[in-house]
Amino acid sequence: MKLHIGFDDTDSLKGGCTTYLASCLIELLYKLKFVRFLDYPNLVRLNPNIPWKTRGNGAVCLRLEIPEWAYLEVRERVVGFVERSFRGEAETNPGIVFLKGDVSEQVKGFSFEALWRVVSLSRALRLIRVVGGEAYGFNNCRGIIGALAACGETLEDDYTFEVIAYRTRRFWGKPRKIDPESVLRMDRETYPQTFNNLDPETGRILIMPRGPDPVLFGVRGETVEAVLKALKMVSVDEPIERWTVFRTNHGTDNHLRCRCRVAEVKPHMAVVVEGWVSKPPKTIPGRHVIFSVSDGTGEIFCAAYEPTGELRKVVKGLVVGDRVRVYGGLRKAKPRTPKTINLEKIEVLELTRKVELKNPLCPRCGKRMVSMGKGKGFRCEKCGFRDSKAKKVEVEVPRSLKEGLYLPPPRSHRHLTKPIQRYGMEKHGWNFEEPKVFWGRSLADLPF
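Be aware that the sequence shown starts at 121, since it is given in the numbering used here, and climbs by one per residue.
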């Protein structure tokens, strides 16, 4: 029978990692001769605007085929393994979900919503009962939400792959030592089949995290072959304990599918809003740039924060009347801060005419005249011409901003943000089949 095992919130701010637990669990299950994997492990990033998420808000689902008689053994092994790994940390709320058979449309719908809005634990538990699944949770059990959502996201639309290399335990919390030249070479030789390895503005290496978790580095790409080639090319000055290939929704914009009117947006939603610039951009303390958009149902602030780099320059080029489509997460209003869309990207759909009031040109010599005082007209300093009835005139100013799609630099991308290079490379459909080589304990386990 088919068995989908989802789990979430097994990481912690102190250094745990849901994908590391998945990698270890894969090895445990792989040793059971009656277990067959039906897909690469699915790493599903959920709504990045959830305030109580841990770091990347990623959940994992393992899709297996097992004999019916083996279900209880598999369930006990998985629950016991998660419980031992959990260590009772107060800020961690692990959840595990077991679903048998094909994934129902109800569960897929739940997963779709979990990508862009807040969904409740009570709703998740009701749905699990309806579809005949089982759930296990620890502490406040919030991880059950993500676990169910991971089961429901079967990644049959666009998807990418990520290979993650993990550190041996004695190196956890220590600085990562990765040869930057090897990353540069890997990026050159695997482009465009891998993405977001480096930030072009700063040269910062993006494949390694900064926290104390077990991840050494991870490379994202379009195919399994591309990420495994990259894995082999990166030089590190410490042993790799294990590596695993995940099929993911990284870099797919999977969370930005809800097109809303301004009147419909709610806190913590990931939204797409189309409208007109209603208040001009201005820079506020912290070098953040804000402006407002209206669509006839309401008006909302949008913010390009300092880390978005060059995107702020784009926003500064907007004028009232420009038609735009904004993408991002909705920040809850606070006493001194209005409800705001945190920009992830912006599409300039139509530019309005930008005009400025200027002094009129002299009809004799063509030089721009100067004012003779309020209501007294203008005179030409060059030829002496005067006109007491002349007024300022509208002059159209050329726009440096062009219509098109604009993103922040890769260092500011969220896990789900689709980089420019992926436009036109989207995939559709997936034939569920047993993956070949997708994990190992050393680079010697690579198929080439």
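Each residue gets a CB set at the ideal place from its N, CA and C atoms; glycine is no exception.
Bridge partner(s) assigned by DSSP for residue i
i: glutamate 470; result: Arg443
i: tyrosine 526; result: Ile466
i: alanine 244; result: DSSP lists no partner for alanine 244.
i: serine 414; result: Trp396, Glu419
i: alanine 424; result: Val409
i: leucine 184; result: Leu123, Phe157
i: serine 491; result: Phe498
i: glycine 449; result: Ala390, Asn462
i: threonine 457; result: Lys454
i: glycine 257; result: Gly215
Short Cβ contact (9 Å threshold) for residue i with residue j
i: arginine 235; j: alanine 424; result: Checking the sequence, you will find leucine at residue 235 rather than arginine. Not in contact: leucine 235 and alanine 424 (Cβ atoms no closer than 9 Å).
i: cysteine 422; j: serine 412; result: yes
i: phenylalanine 201; j: leucine 247; result: no
i: arginine 473; j: glutamate 516; result: yes
i: arginine 165; j: leucine 536; result: yes
i: valine 335; j: isoleucine 284; result: yes
i: valine 198; j: leucine 145; result: yes
i: leucine 152; j: valine 180; result: no
i: valine 356; j: arginine 296; result: yes
i: threonine 322; j: arginine 531; result: yes
i: leucine 219; j: cysteine 137; result: no
i: glutamate 203; j: phenylalanine 258; result: yes
i: valine 435; j: valine 475; result: no
i: leucine 245; j: valine 194; result: no
i: asparagine 129; j: glycine 338; result: The displayed chain sequence assigns aspartate, not asparagine, to residue 129. Cβ atoms of aspartate 129 and glycine 338: not closer than 9 Å.
i: lysine 547; j: glutamate 361; result: no
Contact belief for residue i with residue j at Cβ below 8 Å, rounded distance in angstroms
i: valine 86; j: phenylalanine 281; result: Shown here, the chain extends from 121 to 568; a query on residue 86 therefore has no answer.
i: valine 217; j: glycine 178; result: In fact, because the Cβ distance is near 15 Å, the residues do not count as touching under 8 Å.
i: tyrosine 279; j: asparagine 213; result: That belief does not hold up - the Cβ atoms of tyrosine 279 and asparagine 213 are roughly 27 Å apart, past 8 Å.
i: leucine 463; j: valine 397; result: About 13 Å; that fails the 8 Å criterion.
i: isoleucine 420; j: isoleucine 466; result: Contact doesn't hold; Cβ gap of about 14 Å is too wide.
i: threonine 310; j: lysine 352; result: Between lysine 352 and threonine 310 the Cβ distance is about 11 Å, and since that is not below 8 Å, they are no contact.
i: arginine 445; j: valine 385; result: Actually they are not in contact, since the Cβ atoms of arginine 445 and valine 385 sit about 14 Å apart, beyond 8 Å.
i: arginine 519; j: leucine 471; result: 5 Å
i: proline 529; j: aspartate 277; result: Proline 529 to aspartate 277, Cβ: 26 Å. No contact.
Buried or exposed by the 16-neighbour rule on C-beta atoms within 10 Å, applied to residue i
i: tryptophan 363; result: buried
i: arginine 340; result: buried
i: leucine 192; result: exposed
i: glutamate 301; result: exposed
i: arginine 561; result: exposed
i: tyrosine 256; result: buried
i: phenylalanine 552; result: exposed
i: serine 240; result: exposed
i: lysine 509; result: exposed
i: lysine 538; result: buried
i: serine 242; result: exposed
i: proline 483; result: exposed
i: proline 405; result: exposed
i: valine 155; result: buried
i: leucine 376; result: buried
Cα-Cα separation between residue i and residue j, rounded to whole angstroms
i: leucine 431; j: leucine 184; result: 43 Å
i: proline 187; j: aspartate 159; result: 17 Å
i: valine 373; j: leucine 477; result: The sequence as given places aspartate at residue 373; valine does not occur at that position. Taking the straight line from one Cα to the other gives about 42 Å.
i: leucine 521; j: glycine 448; result: 21 Å
i: lysine 494; j: leucine 326; result: 58 Å
i: proline 306; j: valine 354; result: As written in the sequence, residue 306 is methionine, which differs from the proline given in the question. Going from the Cα of methionine 306 to the Cα of valine 354 covers about 7 Å.
i: glycine 429; j: methionine 328; result: 21 Å
i: glutamate 233; j: threonine 274; result: 14 Å
i: proline 312; j: phenylalanine 366; result: 19 Å
i: phenylalanine 498; j: glycine 395; result: 40 Å
i: proline 400; j: alanine 346; result: 44 Å
i: cysteine 261; j: glycine 215; result: 6 Å
i: cysteine 503; j: arginine 451; result: 59 Å
i: proline 567; j: alanine 269; result: 32 Å
i: tryptophan 172; j: proline 387; result: 13 Å
i: glycine 266; j: arginine 287; result: 25 Å
i: proline 332; j: aspartate 299; result: 19 Å
i: leucine 123; j: valine 227; result: 14 Å
i: glutamine 541; j: cysteine 380; result: 26 Å
i: arginine 534; j: asparagine 169; result: 10 Å
i: asparagine 479; j: methionine 492; result: 11 Å
i: tryptophan 559; j: cysteine 378; result: 35 Å
i: valine 513; j: lysine 402; result: 26 Å
i: glutamate 211; j: glycine 293; result: 19 Å
i: leucine 182; j: phenylalanine 157; result: 8 Å
i: leucine 304; j: threonine 417; result: 48 Å
i: aspartate 507; j: valine 440; result: 33 Å
i: lysine 459; j: arginine 237; result: 16 Å
i: aspartate 442; j: threonine 457; result: 24 Å
i: proline 555; j: glutamate 225; result: 25 Å
i: tryptophan 550; j: proline 455; result: 47 Å
Residue i CB to nearest heavy atom of the ligand COA below 8 Å
i: glycine 229; result: What this structure holds is no ligand at all, so the ligand COA is not there to describe.
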